[in-house]
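A.B. asks: Got a structure here, written out as structure tokens. Questions coming.
2 protein chains.
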Amino acid sequence: MELKEKILTYLYYLKEQSIAGLSKSLAKSTPIVTKAINELLEQKIIVDKGLAASTGGRRAALYSLNENLDNFIVSVSIDQFYTSIYLSNLQQEILAEEVDIKLDLTDPTASANILKHLRIFIESHIDAKKVIGIGISMPGFVNSTTGLNNSYTEDNPLHYLKNTLETEFNIPTVIDNDSRCVAWAEKEFGSGINSTHTLVINLNWGVGLGIIINGEIFTGATGFAGEFSHIPLSNTNSLCSCGKRGCLEVEASLKSAIDQTEMSIQQGEYSIYSTLSKTMSNKSDALIEAAKIGDQLVIYHIGKIGYMIGKGISTLLHILNPNKIIISGRGAEIGNILMPQIQNAVNEFSIPRIAKMTKIEISNLHKTAQQKGTTALVVEHYINHILTN
Amino acid sequence: MELKEKILTYLYYLKEQSIAGLSKSLAKSTPIVTKAINELLEQKIIVDKGLAASTGGRRAALYSLNENLDNFIVSVSIDQFYTSIYLSNLQQEILAEEVDIKLDLTDPTASANILKHLRIFIESHIDAKKVIGIGISMPGFVNSTTGLNNSYTEDNPLHYLKNTLETEFNIPTVIDNDSRCVAWAEKEFGSGINSTHTLVINLNWGVGLGIIINGEIFTGATGFAGEFSHIPLSNTNSLCSCGKRGCLEVEASLKSAIDQTEMSIQQGEYSIYSTLSKTMSNKSDALIEAAKIGDQLVIYHIGKIGYMIGKGISTLLHILNPNKIIISGRGAEIGNILMPQIQNAVNEFSIPRIAKMTKIEISNLHKTAQQKGTTALVVEHYINHILTN
DNA sequence: AAAACTTTTTAAAAGTTTTAAAAAGTTATT
DNA sequence: AATAACTTTTTAAAACTTTTAAAAAGTTTT
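As structure tokens, then:
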């Protein structure tokens, strides 16, 4: 990435910055940053925002992206059952959204449905020429370089989703795994900001992991790092969707809490969940709502997944010794219920000396994490487009 | 590290190299490498070794460290029960050694004993002024920056072993964790040479892990990454030395194979191990020897630790997605017995798509890994000493 | 044996960083 | 309240590195 692109990316994240600040963040010398800033001012891509508050010496001149630039980002956040589409500007503001479109990824029409909704969304909100890129985040073995989702075979349109959207709209498109996008959001906008070694657990229908090492997303040798959900940690030998037994996912995801709750209800136990799940379209939302109301059964089962997440966290702690572990994704909303059980398991399964090195936190981004990360994905890839036209 | 030091380090590892090769490896331009090489030639620190075999064009001039330099390295490889001391030169040759000194680290005199043996060793083999550094590798939470071993409390001399040796001999001294040194050896001298993401399992009395990410040792946020042996993976709830239950180490180390074998023998089963363990001073060696002879009981118990190591490897595969996992340390000698069971467990507990991305190999460095890594540790830290005098 | 191709090495130009000095503030002292 | 001392940013010059181009030294093909 060229220097100007890096500057613009920083200005996107930080909103305003001085030459000295940029120089330090980018590890580039002041003269060269100054030159780039002056050219960007000339091109009216950035604007002067006056002087910063003093920190004890000469006040620094601040610069930010020009708000009048006609450049926008479309992001598509996909999970197992719901898809959301957002239009945002370079000031991190959401200008339009269509959230929680019911869309089951196992349905053969899923790809066509995404396309349909996105077409209507774009047509009704924005001139496609003003969109610098479309970002997609979805579960699975997504290779962001090839743009392919290897969790689906080649006969499934979802395998090629990125290419399909890109050719359909003729807008640069980028795709990545949902948990990596969530991790990126936590790193840039959440409590991962000052942490170089961060693990982000994306608790949702499944349980994903985004790994940040040395301030960068870690993808492993072939892009498959972070497959947390299928490590052999469970004692019950229930069969996982992946075909193996003993996977963490079976006992540590929102799905498993829902399954367990529904099973208990069938066995005659009372829970407000049985009412809520009929009125709310999203089972996860019903579970979370029930927990917030204080439903005992749901809280019990959420506690159980918390304990298993904690056991998984113990493994991660010992192997990776991170500064911080952030519980993010939809499940972050019930963080207060999860946390005590997570802590219990960590105490039980970790060496205290190691466990105390790592802060375990609940995300403060909640639902917005995936959207923020997916949008940032576009900025990271296509910010140069605001330079070239 | 300054350019000249980097060049010398490379020449230590690779023995001879061209300017073009160094330039590429170091990511530094040819002119600047040329200048440094000429200065080093001038100083007689390196020598011209003639031309390389042609690769299709002009033959490259090769350079290597001057063999007449009077610089040597002392390395001390410590494990739970045995310590070995080596003297080596800058051509990677061992000039003197005292191996397998029986020395139990739990013994309060351990530190004094190491000091005593090392004093006699140095006095009888080398002029201390010619030693560029002493390297120590030992088990435990070693912080190589502070030089402290945090596995021992401050009232234990082993906590300060590095400082003790350094002041005693007045030779620059560096210490690191044994598994990290083994991993470094595999990276530089073993089959990890061309792998950027490598995990090295140091199978010994315990079971350690060295993590290499992007070609560098990964230490985590606070230096404690790789605590593989205490992840909660065991089904039997036996108590571990760390105080927790269910640690991998309890079922996946040479100690556990020895314990199990001895227990079986006590229960009346036959094994050549009972004879060997009386004649050989080192139980691990007795176990390995018995396995090589083909002793059924020992092979059975080694197979069991192999299976558990494989289960641990499955966890690592999913989380870190490395190019390669190398089984190293003393246990590498029985790699052929371990391997089928490791593979069994990997097949059982891993997603095939992920498992097939990673090669699992037995080290070809065997016993020498720790010595090579510990010596390289000195080169990495103190090679500059051959420049300054 | 000459031409075409490869790779290393040298030389010049372009670019970047480092260092030093100047400018613009803030805080402490008289 | 004015001055001195201190901080931090910005500008300017010098030092250093890399990039690019050309030359040199081989090897392989025709």
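Quick note, the sequences are listed as chains A and B, same order. Counted from 1, the first sequence has number 367 at position 368 by numbering that gives the first Met the number 0; the numbering is strictly sequential. Counted from 1, the second sequence has number 245 at position 246 by numbering that gives the first Met the number 0; the numbering is strictly sequential. Ideal Cβ placement from N, Cα and C applies to all residues, glycine included.
#1: Hey, could you find the ends of the beta strand (DSSP E) H132 (chain B) is sitting in?
#2: Distance, Cα to Cα, G311 (chain A) vs K129 (chain A)?
#3: Of the residues A:G334, A:I119, A:K161, which one's Cα is nearest the Cα of Y85 (chain A)?
#4: Between the stretch 198-229 of chain A and chain B, which residues of the former have a C-beta closer than 9 Å to a C-beta of the latter?
#5: Indicate whether I353 (chain B) and E226 (chain A) have their beta-carbon atoms separated by less than 7 Å.
#6: Ignore the nearest five residues each way along the sequence and tell me which others in F223 (chain A)'s own chain have a CB closer than 7 Å to its CB.
#7: Using 8 Å for Cβ pairs, my map puts T163 (chain B) next to S110 (chain B). What's the rounded Cβ distance?
#8: What does the Cβ neighbour count give for L376 (chain B), buried or exposed, with the cut at 16 atoms within 10 Å?
#9: Do you know offhand how far V98 (chain A)'s Cα is from G305 (chain B)'s?
#10: Who are the near neighbours of L238 (chain B) in its chain, counting only those whose CB is closer than 7 Å to its CB and skipping five residues on each side?
#11: Among the residues of its own chain, which have a CB less than 8 Å from the CB of D47 (chain B), if the five just before and after it don't count?
#12: Give the residues from the stretch 169-186 of chain B that approach chain A closer than 9 Å (Cβ to any Cβ), ordered along the chain.
#13: Check each candidate in B:L104, B:K303, B:D284, B:I212 and name the one with the smallest Cα separation from I318 (chain B).
#14: Quick one: is the Cβ of E215 (chain B) within less than 6 Å of any heavy atom of the ligand MG?
#15: Quick one, which residues of the stretch 318-330 of chain B are near chain A if we go by CB-CB under 7 Å, in chain order?
#16: Using DSSP with H/G/I as helix, E/B as strand and the rest coil, what is Y269 (chain B)?
#17: Pull up the DSSP beta-bridge partners for P339 (chain A), would you.
#18: So, does the CB of H196 (chain A) fall closer than 7 Å to a CB anywhere in chain B?
#19: Ignoring anything shorter than 3 residues, give me the beta strand (DSSP E) runs that lie fully in the stretch 82-169 of chain A, in order along the chain.
#20: Measure the Cβ-Cβ separation of G134 (chain B) and V181 (chain B) and say whether it is below 7 Å.
#21: Measuring straight from C-alpha to C-alpha, what distance separates E332 (chain A) and E215 (chain A)?
#22: With 7 Å set as the bound, which would you pick, yes or no: does the beta-carbon of P231 (chain B) sit closer than that to a beta-carbon of chain A?
#23: Could you check whether the stretch 361-372 of chain B touches the stretch 184-198 of chain B, counting it as contact only if at least three pairs of C-beta atoms, one from each stretch, sit closer than 8 Å?
#24: Quick one: grab the DSSP three-state call for K48 (chain A).
#25: Under a Cβ-count criterion, where at least 16 other Cβ atoms within 10 Å of its own Cβ denotes burial, should E379 (chain B) be classed as buried or exposed?
#26: Shorter than 7 Å from the beta carbon of I350 (chain A) to some beta carbon of chain B?
#27: So with Cβ pairs under 7 Å, would you call C241 (chain B) a contact of chain A?
#28: How many Å lie between K3 (chain A) and D103 (chain B) at the Cα?
#29: R244 (chain B) bridges to which residues according to DSSP?
#30: Taking a contact to mean a Cβ-Cβ separation below 7 Å, would you say L25 (chain A) touches K43 (chain A) in this structure?
#31: At a Cβ threshold of 7 Å, is I353 (chain A) touching chain B?
#32: Would you please verify whether the beta carbon of T145 (chain A) is less than 7 Å from any beta carbon of chain B?
#33: Which partner residues of V206 (chain A) appear in the DSSP bridge assignment?
#34: Using the C-alpha atoms, what's the distance from T218 (chain B) back to A251 (chain A)?
#35: Roughly how many whole angstroms lie between the Cα atoms of I36 (chain A) and L13 (chain A)?
#36: Could you tell me whether any Cβ in chain B is nearer than 7 Å to the Cβ of T314 (chain A)?
C.D. replies: In this structure, then:
#1: The sequence given here places Gly at residue 132 (chain B); His does not occur at that position. 130-137 is the span of the beta strand (DSSP E), which, as asked, contains G132 (chain B).
#2: Between G311 (chain A) and K129 (chain A), the C-alpha separation is close to 44 Å.
#3: A:I119
#4: L208, I210, I212, N213, F217, T218, G219, A220, T221, G222, F223, A224, G225, E226, F227, S228, H229
#5: yes
#6: F140
#7: That pair is a contact at about 7 Å.
#8: buried
#9: 49 Å
#10: R244
#11: L40, A60, L61, Y62
#12: none
#13: B:I212
#14: Here there are no bound small molecules, and the ligand MG is not part of this structure.
#15: I318, L319, N320, P321, N322
#16: coil
#17: The partner list for P339 (chain A) (beta bridge, DSSP) is empty, contrary to what the question assumes.
#18: True, the Cβ-Cβ gap to chain B drops below 7 Å.
#19: Positions of the beta strand (DSSP E) runs, each at least 3 residues long and wholly inside the stretch 82-169 of chain A, are given as 93-101, 130-137 in order along the chain.
#20: Here G134 (chain B) is not near V181 (chain B), since their CB atoms are 7 Å or more apart.
#21: Rounded to whole angstroms, E332 (chain A) to E215 (chain A) spans 26 Å at the Cα level.
#22: yes
#23: yes
#24: strand
#25: buried
#26: yes
#27: yes
#28: 60 Å
#29: B:L238
#30: Taking the C-beta atoms as reference points, K43 (chain A) is found no nearer than 7 Å to L25 (chain A).
#31: yes
#32: no
#33: Paired residue(s): A:L202.
#34: 28 Å
#35: Their backbone Cα atoms lie some 15 Å apart in a straight line.
#36: yes
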